[in-house]
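Residue 1143 in the numbering used here sits at position 213 of the sequence shown; the count goes up by one each step and never skips.
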Amino acid sequence: MQIVTIASQKGGSGKTTLVGHLAVAAVKAGEESVAIIDTDPQGSLTDWWNEREDSTPLLVNSSVSYLADDIEKLRVKGVKLLIIDTPPAITTSIQSVIQQSDLVLIPTRPSPHDLRAVGATVDMTERAEKPLIFIINAAVARAKLTVEAAIALSHHGAVAPTIVHNRQDFAASMINGKTALEINKSSRSKTEIEALWHFIDERLKTMTVKPLFRIQTNRALFGKRPSKFRAGLSRQSPTQANGVKPLLVEGMS
């Protein structure tokens, strides 16, 4: 069983929405036995699942205290893919979830404030020696800030090449226990999530997550400590500061 955790200390980064959408995308892609675990006390993922007419993916409402036991039960049950939703916090409890993961996904909105908040999650993931992928979420189409965010994040790990844009159907579909993939089968949102899942699935198959964008690291952009995780999005963009060409990112054409 492979375990994917979606974590971020920043509320509103879209963790729960991504868990639901990626799990459904995995099921539709033919992934055998997909389960999701809700460790967030708010229970938003559980509320979403309770509204679903479809019984897949399987849901387990758990807490960090019982997580190890619940994971083992799912393993025995034959679950092949487990995606874990976490609360917006950075605690020893979240660290224990990350330590049990094979891959950590860190969603962030492309804004300086959100990027600065990513540092603590990155630090915790690196200390656990787990591979990570940044997901740029709720982006505005063709915004320069989105490209700059991708460049800034690439200094610290792999950035998913598919940008998830800010569209109403993501949130609206969750109200009725569905996803954008199930509401409009020809929507851009569906295409983005399917492409994102394909990328993640390929990384899981190889389990060798490497940065997609190789740029000479400049730690000064972010500061030395997680609390000083700076996006470098000031008057001088990261492309100007590092003397590199802008990256080609899917969804930014």
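In this text, a Cβ means the ideal position worked out from N, Cα and C, and glycines have one as well.
As the structure is a prediction and not an experimental result, all values here were calculated from the model.
At the level of alpha carbons, what is the spacing between Ile1013 and Thr1055?
For this step, residue 1013 is matched to residue 83 along the sequence shown. For this step, residue 1055 is matched to residue 125 along the sequence shown. Those two C-alpha atoms are separated by around 16 Å.
Under 7 Å: does the beta carbon of Ser1031 sit that close to some heavy atom of the ligand GTP?
Although the ligand GTP was asked about, the structure shown includes no ligands whatsoever.
Can you say whether Thr946 is buried or exposed, counting buried as having 16 or more other CB atoms within 10 angstroms of its CB?
Translated into positions along the sequence shown, residue 946 becomes position 16. Buried, because 16 or more other Cβ atoms sit within 10 Å of the Cβ of Thr946.
Within 10 angstroms of the Cβ of Asn1114, are there 16 or more other Cβ atoms? Answer buried if so, exposed if not.
Position 184 of the sequence shown, counted from the first residue, corresponds to residue 1114. The residue in question, Asn1114, is exposed, as its Cβ has fewer than 16 Cβ neighbours within 10 Å.
Just curious, the beta strand (DSSP E) that Thr935 is in, first and last residue?
Walking along the sequence shown from the start, residue 935 turns up at place 5. Segment 932 to 936, the beta strand (DSSP E) holding Thr935.
Which one of Leu948, Ile936, Ile933 has the shortest CA to CA distance from Glu1122?
Here the question's residue 1122 lines up with position 192 in the sequence shown. Considering only alpha carbons, the answer is Leu948.
Rounded C-alpha distance that separates Thr1051 from Ser963
On the sequence shown, position 121 is the one that residue 1051 refers to. On the sequence shown, position 33 is the one that residue 963 refers to. In a straight line, the C-alpha of Thr1051 is about 28 Å away from that of Ser963.
Taking buried to mean at least 16 other C-beta atoms within 10 Å of its own C-beta, is Ile1020 buried or exposed?
Indexing the sequence shown from 1 puts residue 1020 at position 90. So Ile1020 ends up on the buried side.
Could you tell me whether the Cβ atoms of Thr969 and Leu952 are closer together than 8 Å?
Residue mapping note: residue 969 aligns to position 39 of the sequence shown, counting from 1. Residue mapping note: residue 952 aligns to position 22 of the sequence shown, counting from 1. Taking 8 Å as the Cβ cut-off, Thr969 and Leu952 do not qualify as a contacting pair.
Pull up the DSSP beta-bridge partners for Leu1035, would you.
Counting from 1 along the sequence shown, the entry for residue 1035 is found at position 105. In DSSP, Leu1035 forms a bridge with Ile936, Ile1063.
Roughly how many angstroms separate the alpha carbons of Phe1064 and Ala1102, rounded to a whole number?
For the purposes of this step, residue 1064 is taken as residue 134 along the sequence shown, with counting starting at 1. For the purposes of this step, residue 1102 is taken as residue 172 along the sequence shown, with counting starting at 1. In a straight line, the C-alpha of Phe1064 is about 24 Å away from that of Ala1102.
Please work out which residues of its chain come closer than 6 Å, Cβ to Cβ, to Asp1000, disregarding the five sequence neighbours upstream and downstream, and give them in chain order.
Here residue 1000 corresponds to residue number 70 of the sequence shown, with the count starting at 1. Correct list, in chain order: Val990, Ser992.
State buried or exposed for Asp984, treating a residue as buried only when at least 16 other CB atoms are found within 10 Å of its CB.
Within the sequence shown, numbered from 1, the residue matching residue 984 stands at position 54. It counts as exposed.
Tell me the DSSP secondary structure of Val990 in three-state form.
By 1-based counting over the sequence shown, the position of residue 990 is 60. Strand, per DSSP.
Straight-line gap, Arg1046 to Lys940 (C-alpha atoms, nearest Å)
As a first step, residue 1046 is located in the sequence shown; it is residue number 116 there, counting from the start. As a first step, residue 940 is located in the sequence shown; it is residue number 10 there, counting from the start. If I take the Cα positions, the gap works out to 10 Å.
Cα separation between Ser1023 and Arg1057?
The count along the sequence shown starts at 1 and reaches residue 1023 at position 93. The count along the sequence shown starts at 1 and reaches residue 1057 at position 127. Spanning the two alpha carbons is a distance of roughly 14 Å.
According to DSSP, which residues form a beta bridge with Leu1012?
Counting from one through the sequence shown, the residue named residue 1012 turns up at place 82. BP columns for Leu1012 point to Ile933, Ala965.
Any idea which residues DSSP pairs Val1089 with across the strands?
If you number the sequence shown from 1, residue 1089 lands on position 159. Paired residues: Phe1064.
Local conformation of Arg1144 per DSSP, three classes
Here the question's residue 1144 lines up with position 214 in the sequence shown. Its pLDDT being 41, under 50, Arg1144 is placed unreliably in this model, and the coordinates cannot settle the point.
Status (buried if at least 16 other CB within 10 Å, exposed otherwise) for Gly950:
Numbered from its first residue, the sequence shown carries residue 950 at position 20. Result: buried.
What residues in its chain sit with their C-beta under 7 Å from that of Thr1016, if we drop five residues either side in the sequence?
Walking along the sequence shown from the start, residue 1016 turns up at place 86. Excluding residues within five positions, the ones whose Cβ falls inside 7 Å are Thr935, Ile936, Ala937, Lys945, Thr969, Asp970, Ile1024, Val1027.
Contact check, Ala1069 vs Ile1093 under 8 Å by CB: the rounded distance?
Position 139 of the sequence shown, counting from 1, holds the residue named residue 1069. Position 163 of the sequence shown, counting from 1, holds the residue named residue 1093. Going by Cβ atoms, the distance from Ala1069 to Ile1093 rounds to 5 Å, so yes, they are a contact pair.
Can you tell me which of the three DSSP states Ala956 falls into?
In the sequence shown, counting from the first residue as 1, residue 956 sits at position 26. The answer is helix: DSSP assigns Ala956 an H, G or I state.
So what does DSSP say about Ala1058, is it helix, strand or coil?
Translated into the one-based positions of the sequence shown, residue 1058 becomes position 128. DSSP places Ala1058 in coil when its eight states are reduced to three.
Quick check: Pro987 and Val957, are their CB atoms within less than 8 Å of each other?
If you number the sequence shown from 1, residue 987 lands on position 57. If you number the sequence shown from 1, residue 957 lands on position 27. Yes, the Cβ-Cβ distance between Pro987 and Val957 is below 8 Å.
Could you check if Asn980 is buried or exposed, using at least 16 other CB atoms within 10 Å of its CB as the buried criterion?
The residue given as residue 980 occupies position 50 in the sequence shown. Flag for Asn980 reads exposed.
Could you spell out where the alpha helix (DSSP H) holding Met1137 opens and where it closes?
Translated into the one-based positions of the sequence shown, residue 1137 becomes position 207. Counting along the chain, Met1137 falls outside any alpha helix (DSSP H), and DSSP gives it neither H nor E.
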